[in-house]
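Visitor: Letter by letter, the sequence shown follows residues -9 to 370 of the working numbering.
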Amino acid sequence: MTIRNSLNLMQEAAERERVSHDPHSIVPAAFVSFKSRWGQRSVLKLSKTVILQFGWQNGLLSLRDVYWDNFAIPYFELTIRRESVKSVIQGFLPGIALKIFLASLPKILMTMSIIEGYPSLSSLDRRSAAKYHMFILINIFLGSVITGCSLKHSSRSLQQNMLGFPISLLSDREQGGLSRAAAAVRLVSSRVGSWSWSWSWIPETIGEFIPLKANFFITYIMVDGWAGIAAESLRLVVPLILFHLKNACLVKTEQDRAEAMDPGCIDSFPVIDLAGTFDYNTDDYKSNNIPTSALLLGLLTTKKIGKSYYAVLPLPVLTIWFYAFRNGRFELAFVKFPLQEAMIKDTLERATEPNFNLKAYLKDAYKHPVFKGTDMERPL
-9 MTIRNSLNLM
1 QEAAERERVS
11 HDPHSIVPAA
21 FVSFKSRWGQ
31 RSVLKLSKTV
41 ILQFGWQNGL
51 LSLRDVYWDN
61 FAIPYFELTI
71 RRESVKSVIQ
81 GFLPGIALKI
91 FLASLPKILM
101 TMSIIEGYPS
111 LSSLDRRSAA
121 KYHMFILINI
131 FLGSVITGCS
141 LKHSSRSLQQ
151 NMLGFPISLL
161 SDREQGGLSR
171 AAAAVRLVSS
181 RVGSWSWSWS
191 WIPETIGEFI
201 PLKANFFITY
211 IMVDGWAGIA
221 AESLRLVVPL
231 ILFHLKNACL
241 VKTEQDRAEA
251 MDPGCIDSFP
261 VIDLAGTFDY
271 NTDDYKSNNI
281 PTSALLLGLL
291 TTKKIGKSYY
301 AVLPLPVLTI
311 WFYAFRNGRF
321 ELAFVKFPLQ
331 EAMIKDTLER
341 ATEPNFNLKA
351 YLKDAYKHPV
361 FKGTDMERPL
């Protein structure tokens, strides 16, 4: 250990000698002390130069509170470390990165569904759409809202129940024979064991913390507005970049140029909903209005409105009852194919195509496209 300590001291001395003679290691900063607090306050209120880039001051630095690495930060870098730049970085850049990832996510999910082995294209589409929906629900809503709210609530509970009790509250008898660390562990264990957890804080937490995440959702909707359907409709980003790449690397003739300029079809386009004239039911994506009811109950709990809170308690009960009634009355018409509709389709098919040969149609219907038009030997 002595030899190793000697080597470390020699390396530190060599590094100190190198830095002291290196002109790039010199930081244009100085520590100035005053004989009175009046002089120090007066200097802090004055500007030494017209351009702050060449001189600015900061006060009240403790000798043990100096972080030497930040003294070499240029003034321009300090200007971008502001709340406005922080809002752009924390607001728009994560939304843009998330949108770029969501653009490539359908192909990844389709590949995962193909690996799972579903035999039909419709099953692949449904499974991929369900995975996409669950990804958005868990990562965007649950990941950014529920998890953040739970962590904030847990942190606040820990501060109120644990950190608010100093070690000095222990009696001398309890501290006898115990170190301060052991006493702290004992106090924390006793506080944790005395907590009474209940489900009553869940609606209150939802109503208090989820509205605070409105900034994230507003930013996400704004980014999705101009980087989603609008960008897909204008065709200015991906088709333009692909055209220039193809034009620089692949285009040799005018026909190649015409093919490179073809932007392809529009994957998504805006649809105008005429007051619910055309509507559809998606069974996998329904929430039954239960999260909205829980959010309303939590919001009313935070407002401390007294007896009016109990007037809203039947709302989730009626919501769940209406959900059960609707499923029992109307869900089968959307989930299962009715026999009445099957009979109607059979009757129309016999009327429109009376000479249709079903056996000849099914003979080669499920043959692989590679083998269509060829005779295959059938096993006996």
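A virtual CB, placed ideally from N, CA and C, is assigned to each residue, including glycine.
1) Hey, could you find the ends of the alpha helix (DSSP H) I334 is sitting in?
2) Quick check: the Cα distance between I90 and V213, rounded to an integer number of angstroms?
3) Using alpha carbons as the reference points, say which of Y108, A119, P84, L88 lies closest to K97.
4) Compute the distance between the beta-carbons of L232 and A250, then report whether it is under 9 angstroms.
5) Should L88 go down as buried or exposed, given a rule of 16 or more other Cβ atoms within 10 Å for buried?
6) How far does the alpha helix (DSSP H) with S10 in it reach, from first residue to last?
7) In angstroms, rounded to a whole number, what distance separates the CA positions of E7 and N(-5)?
8) Within its chain, find whatever has a CB closer than 7 angstroms to the CB of V302; leave out the 5 residues flanking it on each side and keep chain order.
9) For F44, which residues from the same chain have a beta carbon less than 7 angstroms from its beta carbon, with the 5 sequence-adjacent residues on both sides left out?
10) So K349 is in the alpha helix (DSSP H); what residue range does that whole segment cover?
11) Return helix, strand or coil for T209, following the three-state DSSP convention.
12) Roughly how many whole angstroms lie between the Cα atoms of K236 and P84?
13) Indicate the three-state DSSP secondary structure (helix, strand or coil) for F24 in the structure shown.
14) I need the DSSP call for G107, collapsed to helix, strand or coil.
15) Tell me the DSSP secondary structure of K357 in three-state form.
16) In this structure, does DSSP put Y57 in helix, strand or coil?
17) Go to F315, then tell me how far its alpha helix (DSSP H) extends in each direction, as first and last residue.
18) I need the DSSP call for L92, collapsed to helix, strand or coil.
19) Suppose you measure from the CA of M0 to the CA of Y57; what does that come to, to the nearest Å?
20) Please list, in chain order, all residues of the same chain as P109 whose beta carbon is under 6 angstroms from its beta carbon, the five residues on each side excluded.
21) Using the Cα positions of I104 and S15, report the straight-line distance between them to the nearest angstrom.
22) So for N129, helix, strand or coil by DSSP?
23) Should G166 be labelled buried (16 or more other beta-carbon atoms within 10 Å of its own) or exposed?
24) Starting from the Cα of I79, find the closest Cα among F206, L329, P306 and give me that residue.
25) Taking the continuous alpha helix (DSSP H) assigned at V241, which residues delimit it?
Guide: On the basis of the coordinates in this document:
1) 329 to 342
2) 11 angstroms
3) A119
4) yes
5) buried
6) -8 to 10
7) 18 angstroms
8) L286, L287, L290
9) Any reading at F44 must be qualified, since the residue scores a pLDDT of 49, below 50, and its modelled position is unreliable; no value is offered.
10) 348 to 353
11) helix
12) 30 angstroms
13) coil
14) coil
15) coil
16) coil
17) 304 to 316
18) helix
19) 25 angstroms
20) none
21) 58 angstroms
22) helix
23) Model confidence at G166 stands at a pLDDT of 47, short of 50, so the residue's coordinates are unreliable and nothing is read from them.
24) F206
25) It is not in any alpha helix (DSSP H) - V241 carries neither H nor E in the DSSP assignment.
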